[in-house]
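**Q** I am attaching a structure below and will ask some questions about it afterwards.
Residue numbers (our numbering): 553 to 994.
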């Protein structure tokens with residue numbers, strides 16, 4: 553499988569909530585987009601901090617910890633995520649386990665998780681092993697004994713047993729170095745970018761393309777501390793060329809659309825505050841095959857859209873109980889092998905297939921779109937990051953020409969940024985147009 557990873561650095565865009573978005577990365581497998589990651593200025597998932605316990609939150613069952621956020625806000629450490637007796641004034645090493653969601657602070661943990669290609673390792677109060685496949689009993693017993701001895705939670709994602717043991721050894725060495733840090737100061741120990749998780753997800757040695765030499769150098773430096781981050785090379789190119797080559801605006805438009813087509817049918821995905829609702833629709837009569845294709849498509853969309861929480865899927869109902877049982881067994885096996893963190897709960901009494909995935913932050917639809925100021929939050933409009941990338945791709949079509957850019961007034965700030973980059977070649981036209989953004993020669 554050929555993997556390529558594209559990363560694009562972002563300027564400081566107006567109207568973005570804290571922390572601002574700094575980088576967006578796209579993982580392709582065999583030229584098919586697998587997922588999109590957005591890295592922030594601070595508080596990214598799996599980043600490590602040295603923080604100070606500021607006060608106890610008895611009503612919430614945990615502690616407020618200062619990790620040095622520039623806006624002065626605190627992170628929340630649940631009691632169940634502590635390892636030792638914790639008290640106010642302690643300096644502790646913590647990891648981001650959930651990014652900011654709406655008005656909720658980042659959630660942190662002392663139970664540090666290290667990611668690998670074949671295995672994930674978490675420091676815990678006890679040892680246990682979670683497998684996404686059926687393993688030989690001897691291997692399972694060996695892993696369980698190791699987990700209990702080292703007080704680790706080990707999640708095995710792939711069946712290459714030799715590589716599993718090799719990765720556990722490597723991750724244990726990294727964990728030992730982290731646990732030796734005892735400085736009495738607040739600081740970032742290391743920053744985990746979304747691209748790092750995507751490199752590990754690839755499995756093979758991906759080729760990286762970036763518009764930023766700084767990103768490539770940071771990755772090379774971090775890979776020396778974290779040797780599992782292996783890659784073939786990191787090439788630097790102009791962002792307009794990369795966006796055009798990979799047709800990024802088309803991929804973003806598909807992520808922002810509720811409809812997802814697949815062979816034999818389509819999904820309608822709607823995000824609500826309480827749950828994510830997925831409706832399966834078929835063109836033909838072979839409902840069994842359509843349901844299987846629907847789940848395969850949904851697995852990709854969960855990764856691509858960064859969906860979490862309760863997911864309710866309205867499948868096309870099998871005609872008999874035997875067909876329903878067969879379908880559920882096949883779907884569960886496929887689902888767990890591709891999304892090991894999620895729980896497959898089966899069909900509820902209301903007829904929905906219930907799936908629960910951990911929330912790790914905002915969904916990509918929330919990050920790439922904004923509430924519409926006209927309809928007061930009923931609908932959403934394309935966000936500054938998605939629009940900025942689409943404009944760069946459209947401008948690439950016109951070499952050396954002066955251009956008119958038609959945008960709604962609310963996006964005027966984007967023109968200021970682009971005019972700096974293109975030395976006055978762009979002229980802002982607030983005239984009403986049916987399609988935004990529209991770029992044409994002057």
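All C-beta atoms, glycine included, are put in the ideal place defined by N, C-alpha and C. None of these values were measured; they are calculated from a predicted model.
What does residue 590 pair with, by DSSP beta-bridge criteria?
**A** Within the chain shown, numbered from 1, the residue matching residue 590 stands at position 38. Note: residue 590 sits in a beta bridge opposite 576.
**Q** Just curious, the beta strand (DSSP E) that residue 678 is in, first and last residue?
**A** If you number the chain shown from 1, residue 678 lands on position 126. First-last for residue 678: undefined, no H or E at that position.
**Q** Which of the three DSSP states is assigned to residue 986 in this structure?
**A** Along the chain shown, read from residue 1 onward, the residue named residue 986 stands at position 434. No answer about residue 986 holds up, because its pLDDT of 48 lies below 50 and its placement is not dependable.
**Q** Taking the beta strand (DSSP E) that residue 895 falls in, what are its first and last residues?
**A** Numbered from its first residue, the chain shown carries residue 895 at position 343. Run containing residue 895: 895-899, per the beta strand (DSSP E) assignment.
**Q** If you check the beta carbons only, do residue 780 and residue 600 fall under 8 Å apart?
**A** The residue you call residue 780 lines up with position 228 of the chain shown. The residue you call residue 600 lines up with position 48 of the chain shown. Taking 8 Å as the Cβ cut-off, residue 780 and residue 600 do not qualify as a contacting pair.
**Q** Run the CB neighbour count on residue 904, radius 10 Å, all protein chains shown included, and call it buried at 16 or more, exposed below.
**A** Mapped onto the chain shown, residue 904 falls at position 352. Residue 904 comes out buried.
**Q** Helix, strand or coil for residue 868 per DSSP?
**A** Position 316 of the chain shown, counting from 1, holds the residue named residue 868. Coil at residue 868, not helix or strand.
**Q** Whole-angstrom Cβ separation of residue 804 and residue 812, contact assumed at under 8 Å?
**A** Sequence index remark: in the chain shown, residue 804 carries index 252 (1-based). Sequence index remark: in the chain shown, residue 812 carries index 260 (1-based). Incorrect: roughly 14 Å between the Cβ atoms, too far for contact.
**Q** May I ask which residues mark the beginning and end of the beta strand (DSSP E) holding residue 629?
**A** Against the chain shown, residue 629 aligns to sequence position 77. Residue 629 -> beta strand (DSSP E) spans 627-630.
**Q** Looking at the structure shown, is residue 614 part of a helix, part of a strand, or coil, going by DSSP?
**A** Residue mapping note: residue 614 aligns to position 62 of the chain shown, counting from 1. Of the three classes helix, strand and coil, the one that applies to residue 614 here is strand, per DSSP.
**Q** On the CB-based measure, 16 or more other CB atoms within 10 Å of its CB, does residue 632 come out buried or exposed?
**A** Residue mapping note: residue 632 aligns to position 80 of the chain shown, counting from 1. It is exposed - the Cβ of residue 632 has fewer than 16 other Cβ atoms within 10 Å.
**Q** When DSSP builds the beta bridges, which residues end up paired with residue 742?
**A** For the purposes of this step, residue 742 is taken as residue 190 along the chain shown, with counting starting at 1. DSSP, once it has assigned bridges, lists 600 as partnering residue 742.
**Q** With residue 801 and residue 761 assumed to form a contact (beta carbons below 8 Å), what rounded beta-carbon distance in angstroms separates them?
**A** The residue given as residue 801 occupies position 249 in the chain shown. The residue given as residue 761 occupies position 209 in the chain shown. So it is not a contact: roughly 17 Å between Cβ atoms.
**Q** Can you give me the start and stop residues for the alpha helix (DSSP H) that residue 773 sits inside?
**A** In the chain shown, the residue the question calls residue 773 occupies position 221. It spans 765-777 - the alpha helix (DSSP H) in which residue 773 sits, taken as one unbroken run.
**Q** Among 861, 849, 868, 825, whose alpha-carbon lies nearest the alpha-carbon of residue 835?
**A** The count along the chain shown starts at 1 and reaches residue 835 at position 283. Closest by alpha carbon: 868.
**Q** Have a look at the DSSP bridge pairing and note the partners of residue 942.
**A** Working through the chain shown from its first residue, we reach residue 942 at position 390. Bridge partners of residue 942: none, in fact.
**Q** Out of 784, 641, 664, point me to the one whose CA is closest to residue 634's CA.
**A** Here the question's residue 634 lines up with position 82 in the chain shown. Nearest option by C-alpha distance: 664.
**Q** Check whether the region 632-651 and the region 678-695 are in contact - that is, three or more C-beta pairs closer than 8 Å.
**A** Taking 8 Å as the limit for Cβ pairs, the verdict is that the region 678-695 does not touch the region 632-651.
**Q** Return the residue from the list 648, 745, 627 that minimises the CA-CA distance to residue 912.
**A** Translated into positions along the chain shown, residue 912 becomes position 360. Measuring from the Cα of residue 912, the nearest candidate turns out to be 648.
**Q** Assuming residue 530 and residue 727 are in contact, meaning their beta carbons sit under 8 Å apart, how far apart are those beta carbons, in whole angstroms?
**A** No answer is possible for residue 530: it lies beyond the span of the chain, which begins at 553 and ends at 994.
**Q** On the DSSP letters alone, give me the boundaries of the beta strand (DSSP E) that residue 834 sits inside.
**A** Taking the first residue of the chain shown as 1, we reach residue 834 at position 282. Where residue 834 is concerned, the enclosing beta strand (DSSP E) stretches over 828-834.
**Q** Does the Cβ-Cβ distance between residue 937 and residue 920 come in under 8 Å?
**A** The residue you call residue 937 lines up with position 385 of the chain shown. The residue you call residue 920 lines up with position 368 of the chain shown. Yes, they are a contact pair.
**Q** How would you call residue 939, buried or exposed, if buried means at least 16 neighbouring beta carbons within 10 angstroms?
**A** Here residue 939 refers to the residue found at position 387 when the chain shown is read from its first residue. Residue 939 is buried by the Cβ-count criterion.
**Q** Which of helix, strand or coil does DSSP assign to residue 800?
**A** Translated into the one-based positions of the chain shown, residue 800 becomes position 248. Of the three classes helix, strand and coil, the one that applies to residue 800 here is helix, per DSSP.
**Q** Let me check understanding here. Comparing Cα to Cα, which of 744, 757, 894, 799 lies closest to residue 774?
**A** Within the chain shown, the letter at position 222 stands for residue 774. With distances taken between Cα atoms, residue 774 lies closest to 744.
**Q** What is the DSSP secondary structure of residue 606, counted as helix, strand or coil?
**A** Here residue 606 refers to the residue found at position 54 when the chain shown is read from its first residue. Residue state, collapsed to three classes: strand.
**Q** Does residue 583 pass the burial test, meaning 16 or more other C-beta atoms within 10 Å, or should it be called exposed?
**A** Stepping through the chain shown from its first residue, residue 583 is reached at position 31. The residue is exposed, with fewer than 16 neighbouring Cβ atoms inside 10 Å.
**Q** So is residue 699 buried or exposed if we call it buried at 16+ other beta carbons inside 10 Å?
**A** Working through the chain shown from its first residue, we reach residue 699 at position 147. Buried: at least 16 other Cβ atoms inside 10 Å.
**Q** Using the C-alpha atoms, what's the distance from residue 564 back to residue 683?
**A** In the chain shown, residue 683 corresponds to position 131, counting from 1. In the chain shown, residue 564 corresponds to position 12, counting from 1. Residue 683 and residue 564: Cα-Cα distance of roughly 42 Å.
**Q** Got a sec, what are the start and stop residues for the alpha helix (DSSP H) residue 595 sits in?
**A** Counting from one through the chain shown, the residue named residue 595 turns up at place 43. Per DSSP, residue 595 belongs to no alpha helix (DSSP H) and is neither H nor E.
**Q** Suppose contacts are defined by Cβ-Cβ distances below 8 Å. Is residue 947 in contact with residue 907 by that definition?
**A** By 1-based counting over the chain shown, the position of residue 947 is 395. By 1-based counting over the chain shown, the position of residue 907 is 355. No, they are not a contact pair.
**Q** Output needed for residue 629: all residues of its chain with C-beta closer than 6 Å, excluding positions within five of it in sequence on either side, in chain order.
**A** Locating residue 629 in the chain shown gives position 77, counting from the first residue. The residues are 614, 615, 617, 660.
**Q** From residue 566 to residue 703, what distance separates their C-alpha atoms?
**A** Stepping through the chain shown from its first residue, residue 566 is reached at position 14. Stepping through the chain shown from its first residue, residue 703 is reached at position 151. So the alpha carbons of these two residues sit roughly 45 Å apart.
**Q** If you reduce the DSSP assignment to three classes, tell me which class residue 705 lands in.
**A** Mapped onto the chain shown, residue 705 falls at position 153. In this structure, residue 705 counts as strand in the three-state DSSP scheme.
**Q** Within 8 Å (strictly less), CB to CB, does residue 966 reach chain C?
**A** Considering every chain present, this structure includes no chain C. It has just one protein chain.
**Q** Between the region 883-897 and the region 840-849, do three or more beta carbon pairs fall short of 8 Å?
**A** These segments touch.
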